[in-house]
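Quick notes on the structure that follows.
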Amino acid sequence: MTNAMDKLFRGIQILIAIFLGIMILLTFLNVIMRYVFSSGFVWSEEIARICFIYLVYLGTIDAYRDNRHLGVEMLVARAKPGAQRVLYLAIQGIVIWMMAILTIGSFTLAKQGLRDKWVATGYPVFLIAGIGVVTGASIILLALANVIKVFTAKTPILELMAPKDDPDAEFAVE
Amino acid sequence: GLGPASSGDSGGAATVIKVGDNWNQTHPMAAVMDGLFKEQVEEKSGGTLTVETYHSGTLGNEADLWAGVRNGTIEMVVIGTVMNQEYPTMLISDWPWLYRDVEHAKAVWTGEVAEELNVAFNEKFPETRILAWGPNSARTFTSNKKLEGVDDFVGQKFRMPANPIHVGLAENLGASAQVIPLGELFSALETGVVDGQDNGMVTVVSEGLYEVQKYVYETNHIIATLEVIANESFMAGLTEEQQTIITEAAQAAAVQAWDDYIASIAKDREFLVGEGLTVTTPSEADRQALITKTQPVVDKLLAENDWAQELTDKIRAVK
Amino acid sequence: MLLLTLFLVYLIGAIAIGVPIAFALLFCSVATGLHMGGTATNPAIISAQLMRGTDSVTMMALPFFVLAGELMNRGGLTTRLISFANIFVGRVRGGLGYVTIFACLMFASLVGSAVASTAALGAILIPMMANSGYNRAKSAGLVASANLVSPIMPPSVPFIVYGVAAGVSIKSLFMGGIAPAVYLTAVMCIIWFIVSRKDNIRSTDPRPTAAEAAKIFLDGLWALLLPVIILVGLRSGVFTATEAGVVAVVYALIVGIFVYRELKLPEVFTGLVSGAKMSAVVMFLAATAQVAGYFMTISGLPKIVIALLEPLVERPTLLMVVLMVIVLVVGLAMDVVPTILILTPILVPVLNAAGIDLVYFGIVFVLANVLGLTSPPVGPVLNVACAAGRVKMDEIIAPVIPYWLAQSALVVVLALFPPLIMVPLGWLV
Ligand code: NA
Ligand code: NA
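As structure tokens, this is what we get:
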């Protein structure tokens, strides 16, 4: 189970890396086109924007799983274990509430833009708005899993909240 | 409510109309919403309606405003034609070389053509009610390199909106079209990433672009409109009288904005000349040459849009 | 006023119990919206605002410069830059700190946004200082504070936004920003001098001989060329600021792979993943700040400001000081550009009535706004510095405070003595 999830999230990471690669390629190509061929692509900006939006929304899910969204843990760290559990459940509750709003709102926007397209590429608007549904629903699932961990696993709360080790971090430091 | 919703003169009972646009308050259309529209609505409704205007995209960019007025979170918006992919007839706002001059555009969008299109628009988007068509701007080209005639476009780099019509115009004139976000336009012009851009003179003045441009070529190649659109269920929830007050005020505001806009063009031109820019109005022959050179763009539009021949003919026939 | 108070209480409360800041921003918006009633909490409008905050071409500079920094680290460019800087300041106490401050000033003449420049420099400078023995959180705090010079030294995104909103010359604002940028740099050096005394870090390596220095210089030449290329490219209009990020990526790739031969392809991919992940965290936070800005606007911020200011029109100096304090307070929770967009149209009539020069005002106003970027709870530059330096949010706050206080004092001084800005501006235009 965990193994399958790890693979899924590895897939997300590869995907967002590819999106960033495309953004770089297109932007660089536009600079080259401007000087060498004295022209540009109209559609390249839109594709870069689409990639960026997907990158952010998908990366947000990944960051939630790894506890890498920035926060302040001073209070939780000083609370007693019982209070820590209550606080942690409250945090997950707020996150679930917010992501429910994102899911519903994005669904409405997607439905509204069903026949609408972006100007230069003709990319369907609902595929853009729809990414909010994916992000909202995924984070709700992750938060529910966190709630279950509080009741089933014996892991201390601070350990549940700690940023997961980033396999890339060691490269950046050295 | 606890917020600004309770700030009306009649002791908390006023209904608030939030009006969102994406211009700063100096644009004629934003100015009439602050002035004539707000005054007329609040006065004639005896304080039962309050107007709050939000400029410069503080309630969102045009796509957000459009989404907001459709789902009712914003009561009223003043926006361009963001809905033209879903409803191609709105492409008419970006149609090149459609009018003889700005007066002609005013006659079209404050007359029968507008009324007919209102009916079609409300059928297409039943969750909204379109009230009036005001001026957006008459687009002109500006550049740092000499730009006084049809042939000067060749080899220049223009920042154009990421829209096939606009890009097609620049390319057919022999220029290269670059897509640069509006936020970076000023510094792109200053450093010379691009030579020029196309926007109404109102934007050249309000965005400070005149500080980094030397030539203005007053082509008026596209005279775009701004639509005043209300949320339908909000409107339907008001009394008949209140609805009439709002509709009439919006239409009066649009007429006023067209007049203000026409007056502002002369003022903007004078200002730009005073700032040392060379402002050129194309001769009739040059205008014809511009139209001929960019004919492929119009032909393509006509081929792709079966409604277009009839509507453009009708608009051209307006006196 | 009640709504704004509720807004801040919800925000600070949620952050205090450990809700990640991005989700806390959404929460306080929704909770305030519930008090407002009506359509304020419509999920569609919240989702649309969030999407609007994400869909920004200008912000693409963030992942680009982050990746460039990663590639420079992995490709050996950073270590060579450190060796080079060490020739000059290695034996000065806190030497790399001064390198950081002046690197930020130099970079500020390239980019107009503190978030973008912190992303670019943070990923390079924080690991560089940490590797040389400096405290990581203190290094991140220094980098965050020093980057506030980016939007003050021209070019500047906030100056353009203000200039457009107030209808004043952007060029005058740009020229007027140079003197305060110098003051800011001086303030940074003074505070760093005091702060770094305790740590007493200096290089213990013997002074390099002329031959060694020449070798370090030649070895680092390729790395040194990168800022030069970006500077010249931006100034001469070869590319825009966003495109500069991509040029930096491509250059770092080429030098890392073919010249220094330290960068391997799998590492390029790891860099891409790492850059994308970090950008997602920061961008999601920026987008939720957009949602919160929208709710602050509709909860009546503009009206409160006007009511507060009316009695002060007769006393311009007091008005300036009061305004700047308000902006500093608003900046705790608001981002720069929304605040400028909301407040400028409200303030211009008041300023005209009080006879305050709009260029002078704009410069001090933007500086006060920019300080909000490093003040908690909503400090976008702090977030970027944390992400780039892999430092926790709680750790960076204490190191930033001395700079923030000194910079705020500078704002008040500038509000009291207009000639500090207007005299140098007179020399330049
Ligand atoms: Na700058
Ligand atoms: Na802040």
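Chains as they are written, first to last, in the working numbering: chain A, 1 to 174; chain B, 175 to 493; chain C, 494 to 922. Beta carbons are placed, not taken as given, at the ideal position from N, Cα and C, and that holds for glycine.
Extent of the continuous alpha helix (DSSP H) run through residue i
i	result
B/Gly460	Just to set this straight, residue 460 of chain B is Asp in the shown sequence, not Gly. Looking at the DSSP string, the run of the alpha helix (DSSP H) that includes B/Asp460 is Glu458 to Lys467.
C/Gly656	Val650 to Ala659
B/Ile436	Glu414 to Gly448
C/Val608	Ala607 to Asn624
C/Thr781	Leu758 to Ile791
Neighbour flag for residue i against chain B, beta carbons, 9 angstroms
i	result
C/Leu950	Only positions 494 to 922 of chain C appear in the structure, and residue 950 of chain C is not among them; the question remains open.
C/Thr790	yes
A/Ser44	yes
C/Arg629	no
A/Ile157	no
C/Thr733	yes
C/Leu851	no
C/Ser549	yes
A/Gly132	no
A/Thr108	yes
C/Val512	no
C/Ala613	no
C/Gly660	yes
A/Tyr116	According to the sequence displayed, residue 116 of chain A carries Asp and not Tyr. Chain B contact via Cβ: present.
Minimum Cβ-Cβ distance from residue i to chain C less than 9 angstroms
i	result
A/Ala90	yes
B/Glu444	no
B/Ser181	No answer about B/Ser181 holds up, because its pLDDT of 37 lies below 50 and its placement is not dependable.
A/Val56	yes
B/Asp326	no
B/His229	yes
B/Gly177	Only weak support exists for where B/Gly177 lies, its pLDDT of 33 falling under 50; the value from the coordinates is given anyway. Judged by the 9 angstroms Cβ criterion, B/Gly177 is in contact with chain C.
B/Gly382	yes
Where residue i falls: helix, strand or coil (DSSP)
i	result
A/Ala172	Residue confidence is low: A/Ala172 scores 35 on pLDDT, short of 50, so the model does not pin down where it sits. No coordinate-derived value is stated.
B/Val193	strand
B/Asp372	strand
A/Ile156	First, the residue type needs correcting, since residue 156 of chain A is Pro and not Ile in the sequence shown. If DSSP states are grouped into helix, strand and coil, A/Pro156 belongs with coil.
B/Glu401	strand
C/Val806	coil
A/Pro167	Caution applies to A/Pro167, whose pLDDT of 46 falls short of 50 and renders its modelled position unreliable; the model cannot decide the point.
B/Ala351	strand
B/Tyr389	strand
A/Lys117	strand
C/Tyr896	helix
Span of the beta strand (DSSP E) around residue i
i	result
B/Glu236	Unbroken run through B/Glu236 is the alpha helix (DSSP H), Glu236 to Asn245; no beta strand (DSSP E).
B/Trp307	Thr302 to Ser317
B/Met250	Met250 to Ile253
B/Leu223	Leu223 to Tyr228
B/Arg333	Lys331 to Arg333
C-beta neighbour in chain A for residue i, strict 9 angstroms
i	result
B/Trp243	The amino acid occupying residue 243 of chain B in the given sequence is Val; Trp does not appear at that position. False, the Cβ-Cβ gap to chain A never drops below 9 angstroms.
C/Cys682	no
C/Ala704	no
C/Asp887	yes
C/Glu736	yes
C/Gly669	no
Nearest neighbour of residue i, chosen from the options [CA to CA]
i	options	result
B/Thr284	B/Gln430, B/Lys319, B/Val256 and B/His201	B/Gln430
C/Ala639	C/Val725, C/Leu519, C/Ala785 and C/Ala878	C/Ala878
B/Gly221	B/Glu449, B/Asn337 and B/Ile419	B/Ile419
B/Ala188	B/Phe315, B/Thr224, B/Asn198 and B/Glu213	B/Thr224
A/Thr103	C/Ile539, C/Thr702, C/Ala607 and C/Ala524	C/Ile539
B/Met409	B/Val368, B/Asn296, B/Leu272 and B/Asp195	B/Asn296
C/Ile687	C/Leu918, C/Leu913, C/Ala908 and C/Ala899	C/Ala899
B/His340	B/Leu265, B/Glu213, B/Ile436 and B/Glu290	B/Leu265
C/Ile709	C/Ile619, C/Ala578 and C/Glu803	C/Ala578
C/Ile747	C/Leu555, C/Ala561 and C/Leu501	C/Ala561
C/Leu717	C/Leu495, C/Gly506 and C/Gly569	C/Gly569
Contacts that residue i makes with chain F (C-beta to C-beta distance below 7 angstroms)
i	result
C/Pro648	Protein chains A, B and C are contained in the structure displayed, whereas chain F is not.
Residue i Cβ short of 8 angstroms to ligand 4 heavy atom set
i	result
C/Ala780	Of the ligands this structure carries, namely ligand 1 and ligand 2, none is ligand 4.
Could you tell me which uninterrupted alpha helix (DSSP H) segments, each at least 4 residues in length, are contained entirely in the region 816–891 of chain C, listed from first to last along the chain? For the region 816–891 of chain C, whole alpha helix (DSSP H) runs of length 4 or above, ordered along the chain, are 829–847, 851–864 and 873–882.
Completely contained beta strand (DSSP E) runs for the region 10–34 of chain A, where each covers 3 or more residues: Within the region 10–34 of chain A, no complete beta strand (DSSP E) segment of 3 residues or longer occurs.
Would you list, in sequence order, the uninterrupted alpha helix (DSSP H) runs of no fewer than 4 residues that lie entirely inside the region 38–107 of chain A? Entirely contained in the region 38–107 of chain A, the alpha helix (DSSP H) runs reaching 4 residues are, in chain order, 42–65 and 74–78.
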